[in-house]
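Novice: Here it is: the structure, laid out below.
Number of protein chains: 2
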Amino acid sequence: MNHFTLKQLNELSSRYRANLVNSCIGYKPCTLIASSSNQGTTNVAIFNSIVHIGSNPPMLGFILRPTTVPRNTYKNIKENSFFTVNLVTKKMISAAHHTAAKYEEHISEFDKTDLEPEYLHEFRAPYVKNSMIKIGCTYTNEYPIKENGTILIIGTIKHIYLENNILHKDGWVQLDKADTIANIGLDGYALPELVDRFQYAQPDQETKSLLK
Amino acid sequence: MNHFTLKQLNELSSRYRANLVNSCIGYKPCTLIASSSNQGTTNVAIFNSIVHIGSNPPMLGFILRPTTVPRNTYKNIKENSFFTVNLVTKKMISAAHHTAAKYEEHISEFDKTDLEPEYLHEFRAPYVKNSMIKIGCTYTNEYPIKENGTILIIGTIKHIYLENNILHKDGWVQLDKADTIANIGLDGYALPELVDRFQYAQPDQETKSLLK
Chain B
157 MNHFTLKQLN
167 ELSSRYRANL
177 VNSCIGYKPC
187 TLIASSSNQG
197 TTNVAIFNSI
207 VHIGSNPPML
217 GFILRPTTVP
227 RNTYKNIKEN
237 SFFTVNLVTK
247 KMISAAHHTA
257 AKYEEHISEF
267 DKTDLEPEYL
277 HEFRAPYVKN
287 SMIKIGCTYT
297 NEYPIKENGT
307 ILIIGTIKHI
317 YLENNILHKD
327 GWVQLDKADT
337 IANIGLDGYA
347 LPELVDRFQY
357 AQPDQETKSL
367 LK
Chain C
157 MNHFTLKQLN
167 ELSSRYRANL
177 VNSCIGYKPC
187 TLIASSSNQG
197 TTNVAIFNSI
207 VHIGSNPPML
217 GFILRPTTVP
227 RNTYKNIKEN
237 SFFTVNLVTK
247 KMISAAHHTA
257 AKYEEHISEF
267 DKTDLEPEYL
277 HEFRAPYVKN
287 SMIKIGCTYT
297 NEYPIKENGT
307 ILIIGTIKHI
317 YLENNILHKD
327 GWVQLDKADT
337 IANIGLDGYA
347 LPELVDRFQY
357 AQPDQETKSL
367 LK
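Quick look at the structure:
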């Protein structure tokens, strides 16, 4: 068994430590956040820090590092409050990864990859065309994390678009049917397959499958 | 294509909406958070809201709903500040799911499942024995999310334990080699397989694999 104490973690190279700490916390959602400046320059950037905040009202959150690449995302969201979250499929991983490259602000990652913007229902941020699960959000609040200068952005979900055949009759979305990707750390791309889905857990009752 | 507006989401049954909103945001890490009261009652509960906060200092966060089951987790963490995050493997999914059942405070989920507590290096919270990736944390801060009463807990990583053969020489952890599980929504369990790992993205350079 490998063991790292905090002291040992602090003594590692920053790259090794970033890989380790980012990958040891488990699989992360692989998403593209797209936005647009008021001047119309679009931006699309990979994020794997999306977290469920609540379903009533429907809200999601994500952690933003203001000093790194996704600052265009932050600037756009602050400017006009619109952004979209688009789940990455297997075919999109190479382009999705490339959106992390440090392009200047006036350059759109849509022009540097084969990702295509798509505008739906007059929403003021582009979606990513080939994504099979797309979420339109508006900025609701932000919580600066004083421990390291990151920011938790809270968005309200205004639209959800889902390809056919992945939505179950109780609202559950079978992500693996849409070839949805999960991230390992900052640079690993994995394709999950459903193992099981369980009934609501009750005290002293055995875990039962919903699939059988 | 299925489309839900916010108005339509608000009109859905709460169960349907919870399934939809929880599952459409992508795969989530499947973890067990374990803690102990000062009286020694252990608690272990499934969480899939772990999010990377930073690697220097190494910190993680998770979203806690204070009005639901995991409140024992919150109480314990506030009491003594120690907790562990344990990644769930395929063999553990049935027991991990059962920890969501609403047991009374004095009952330990370790006694109601085949999960076993394990104490390492005198850390004041139990780890989950069969987990192949275990993280020992201390409470650092909390951010109440005023929009819905949830809380973002920030923990500092004090220990990381990893089974052999999953740690690459640059610190990256190959989660699929440890049969690590990802969640879909609140009740789906999926097993990912690595597709690719990419080099650091550079402007105007093609995405290159690290594996070839």
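Just so you know, the sequences run in chain order B and C.
Per the working numbering, the very first residue in the first sequence carries number 157; after that it's consecutive.
Per the working numbering, the very first residue in the second sequence carries number 157; after that it's consecutive.
Every residue gets a Cβ at the ideal spot worked out from N, C-alpha and C, and that includes glycine.
Please go through the same chain and pick out, in chain order, the residues whose beta-carbon is closer than 8 Å to the beta-carbon of Asn339(B), but skip the five residues on each side of it.
Specialist: Here the question's residue 339(B) lines up with position 183 in the first sequence. For Asn339(B), where only same-chain residues beyond five positions count, the Cβ hits under 8 Å are Tyr183, Lys184, Pro185, Cys186, Asn204, Tyr345 and Ala346.
Novice: Can you list, in chain order, the residues of the segment 340-359 of chain C whose Cβ is nearer than 8 Å to any Cβ on chain B?
Specialist: Cβ contacts with chain B come from Ile340, Gly341, Asp343, Gly344, Tyr345, Ala346, Leu347, Pro348, Glu349, Leu350, Val351, Asp352, Arg353, Phe354, Gln355, Tyr356, Ala357, Gln358 and Pro359.
Novice: Which bits of chain B does Asn320(C) rub up against, with CB to CB less than 9 Å?
Specialist: Here residue 320(C) is taken as the residue at index 164 of the second sequence, counted from 1. What Asn320(C) touches in chain B: Met157 and Asn158.
Novice: So for Ala174(C), helix, strand or coil by DSSP?
Specialist: Residue 174(C) sits at position 18 when you count from the first residue of the second sequence. Looking at Ala174(C) - three-state DSSP - the assignment turns out to be helix.
Novice: By DSSP, does Phe279(B) sit in helix, in strand, or in coil?
Specialist: The count along the first sequence starts at 1 and reaches residue 279(B) at position 123. Reduced to three states, the DSSP call for Phe279(B) is coil.
Novice: Taking C-beta pairs closer than 8 Å, name the residues in chain C that Asp326(B) reaches, listed in chain order.
Specialist: On the first sequence, residue 326(B) is found 170 positions in, with the first residue counted as 1. Result: Arg171, Tyr172 and Asn175.
Novice: Please report the straight-line C-alpha distance between Ile313(B) and Gln195(C), rounded to a whole angstrom.
Specialist: Here residue 313(B) refers to the residue found at position 157 of the first sequence. Here residue 195(C) refers to the residue found at position 39 of the second sequence. Using only the alpha carbons, I get a separation of about 42 Å.
Novice: With distances taken from CA atoms, which of Ala201(B), Glu349(B) and Phe160(B) is nearest Leu271(B)?
Specialist: Taking the first residue of the first sequence as 1, we reach residue 271(B) at position 115. For Leu271(B), the nearest C-alpha among the options comes from Ala201(B).
Novice: When Cβ atoms are compared, which residues of the segment 257-274 of chain C fall closer than 8 Å to chain D?
Specialist: Judged by its chain identifiers, the structure shown contains no chain D, and its protein chains are B and C.
Novice: Which runs of the beta strand (DSSP E) at least 3 residues long sit entirely within the segment 292-342 of chain B? Give them in chain order.
Specialist: 306-318 and 338-340
Novice: Kindly say whether Tyr230(C), judged by its beta-carbon, lies nearer than 7 Å to any beta-carbon of chain B.
Specialist: The sequence position of residue 230(C) within the second sequence is 74, counting from 1. No, because no Cβ of chain B sits closer than 7 Å to the Cβ of Tyr230(C).
Novice: Drop a sphere of 10 angstroms on the beta-carbon of Tyr254(B), count the other beta-carbons inside from all chains shown, and report buried for 16 or more, exposed for fewer.
Specialist: In the first sequence, counting from the first residue as 1, residue 254(B) sits at position 98. Sequence inspection shows His at residue 254(B); the Tyr mentioned does not correspond to that position. His254(B) is buried by the Cβ-count criterion.
Novice: How long is the line joining the alpha carbons of Thr110(C) and Lys290(C), rounded to whole angstroms?
Specialist: No answer is possible for residue 110(C): it lies beyond the span of chain C, which begins at 157 and ends at 368.
Novice: What are the start and end residues of the alpha helix (DSSP H) that includes Phe266(B)?
Specialist: The sequence position of residue 266(B) within the first sequence is 110, counting from 1. Segment Glu265 to Lys268, the alpha helix (DSSP H) holding Phe266(B).
Novice: Shortest alpha-carbon distance to Leu366(C) belongs to which of Ala334(C), Asp360(C), Leu342(C) and Gln330(C)?
Specialist: Position 210 of the second sequence holds residue 366(C). Out of Ala334(C), Asp360(C), Leu342(C) and Gln330(C), Gln330(C) has the C-alpha closest to the C-alpha of Leu366(C).
Novice: Assess, as a yes-or-no matter, whether the segment 351-360 of chain B is touched by the segment 351-362 of chain C under the definition of 3 or more beta carbon pairs within less than 8 Å.
Specialist: no
Novice: Decide yes or no for the touch test of the segment 290-306 of chain B against the segment 212-219 of chain B: beta carbon pairs closer than 8 Å, at least 3 of them.
Specialist: yes
Novice: Going by CA-CA distance only, name the one from Ala257(B), Ser264(B), Phe238(B) and Thr269(B) that's closest to Glu278(B).
Specialist: Here the question's residue 278(B) lines up with position 122 in the first sequence. Measuring C-alpha to C-alpha distances from Glu278(B) to each of Ala257(B), Ser264(B), Phe238(B) and Thr269(B) identifies Phe238(B) as the nearest.
Novice: For the beta strand (DSSP E) that contains Glu349(C), what are its first and last residues?
Specialist: As a position in the second sequence, residue 349(C) is number 193, starting the count at 1. Here the beta strand (DSSP E) through Glu349(C) covers Gly344 to Arg353.
Novice: Quick one: list the residues of chain C neighbouring Ala190(B), beta-carbon separation under 9 Å, in chain order.
Specialist: Numbered from its first residue, the first sequence carries residue 190(B) at position 34. Simply none; closest approach about 15 Å.
Novice: Quick check: is the beta carbon of Tyr295(C) nearer than 7 Å to any beta carbon in chain B?
Specialist: Indexing the second sequence from 1 puts residue 295(C) at position 139. No - not a single Cβ of chain B is within 7 Å of the one on Tyr295(C).
Novice: If we cut at 7 Å on Cβ distances, does Pro185(C) have a partner in chain B?
Specialist: Taking the second sequence and counting its residues from 1, one reaches residue 185(C) at position 29. Contact with chain B is found for Pro185(C), since one of that chain's Cβ atoms lies less than 7 Å from the residue's Cβ.
Novice: What number of angstroms, rounded off, separates the C-alpha of Ser170(B) from the C-alpha of Leu176(B)?
Specialist: Working through the first sequence from its first residue, we reach residue 170(B) at position 14. Working through the first sequence from its first residue, we reach residue 176(B) at position 20. Cα-Cα distance, rounded: 10 Å.
Novice: Can you give me the Cβ contacts of Ser179(C) inside the same chain, cut-off strictly under 6 Å, excluding the 5 residues immediately before and after it?
Specialist: Taking the second sequence and counting its residues from 1, one reaches residue 179(C) at position 23. Counting only Cβ-Cβ distances below 6 Å, and skipping sequence neighbours, we find Ile340 and Gly341.
Novice: Taking only beta carbons into account, state which residues of the segment 196-222 of chain B come closer than 7 Å to chain C, listed in chain order.
Specialist: Ser205, Ile206, Val207, His208, Ile209, Gly210, Ser211, Asn212, Pro214, Met215, Leu216 and Ile219
Novice: From the DSSP output, in three-state form, read off Asn212(B) for me.
Specialist: For the purposes of this step, residue 212(B) is identified with residue 56 of the first sequence, where counting begins at 1. Coil at Asn212(B), not helix or strand.
Novice: What are the start and end residues of the alpha helix (DSSP H) that includes His253(B)?
Specialist: Along the first sequence, one-based indexing puts residue 253(B) at 97. Run containing His253(B): Ile249 to His254, per the alpha helix (DSSP H) assignment.
Novice: Need the endpoints of the alpha helix (DSSP H) that Leu165(C) sits in, please.
Specialist: Working through the second sequence from its first residue, we reach residue 165(C) at position 9. Start and end: Leu162 to Glu167.
Novice: Which two residues bound the contiguous alpha helix (DSSP H) that contains Asn228(B)?
Specialist: Numbered from 1 along the first sequence, position 72 holds the residue referred to as residue 228(B). Residues Arg227 to Asn236.
Novice: Just tell me which of Thr161(C), Pro348(C), Ile301(C) and Tyr283(C) has its CA closest to the CA of Thr240(C).
Specialist: Looking up residue 240(C) in the second sequence gives position 84. Comparing Cα-Cα distances from Thr240(C) to each of Thr161(C), Pro348(C), Ile301(C) and Tyr283(C), the minimum goes to Tyr283(C).
Novice: Rounded to the nearest angstrom, what separates Leu292(C) and Met157(C) at their Cα positions?
Specialist: Start at 1 with the first residue of the second sequence, and residue 292(C) comes out as number 136. Start at 1 with the first residue of the second sequence, and residue 157(C) comes out as number 1. Here the sequence assigns Gly to residue 292(C), which means Leu is not the residue at that position. Each residue's CA atom was taken as its position, placing Gly292(C) and Met157(C) some 44 Å apart.
Novice: Report the neighbours of Asn178(C) on chain B: residues whose CB is nearer than 7 Å to its CB, in chain order.
Specialist: Stepping through the second sequence from its first residue, residue 178(C) is reached at position 22. Here the neighbours are His208 and Ser211.
Novice: If we count the other Cβ atoms within 10 Å of its Cβ and call it buried at 16 or more, is Lys262(C) buried or exposed?
Specialist: Residue numbering aside, residue 262(C) sits at position 106 when the second sequence is read from its first letter. A quick correction: the sequence has His, not Lys, at residue 262(C). Exposed: under 16 other Cβ atoms inside 10 Å.
Novice: Please tell me whether Asn228(B) and Asn199(B) are closer than 7 Å, where the distance is taken between their beta carbons.
Specialist: Reading the first sequence from its first residue, position 72 is the one you call residue 228(B). Reading the first sequence from its first residue, position 43 is the one you call residue 199(B). Yes; because the gap between Cβ atoms is below 7 Å, this pair is in contact.
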